[in-house]
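Numbering (our numbering), first residue to last: -14 to 95.
Glycine included, each C-beta is placed from N, C-alpha and C at the ideal position.
See structure below.
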């Protein structure tokens, strides 16, 4: 399974360039480009690498392979009063990440 189109779409929604993603994840630019161009299958991407990519793009690792996970993503399923913008998508993604962390903390304390 290739995830290049899903990864590229997520990057576009959040206004993240190839260079920015490489810098934020400390992964080689060529490696990310290979994923984007479907030269590396998802199964051949190291679990840690997909985790850091997911964290940088404020999504769950399942986002890239599971349509249901994408449909439950706040960035994709919520609508603004007007058009979605990169700024509004980024704000929604950060809120989603914050809520995920808050739930994890709550569960860890209980």
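Asked, Found
"What residue from -7, 30, 61, 39 has the CA that sits closest to residue 10's CA?", "39"
"Is residue 42 closer than 8 angstroms to residue 84 when the C-beta atoms are compared?", "no"
"Taking all protein chains shown into account, decide if residue 35 is buried (16 or more other Cβ within 10 angstroms of its Cβ) or exposed.", "buried"
"What do you get for residue 44, buried or exposed, if any count of 16 or more other CB atoms within 10 angstroms of its CB means buried?", "buried"
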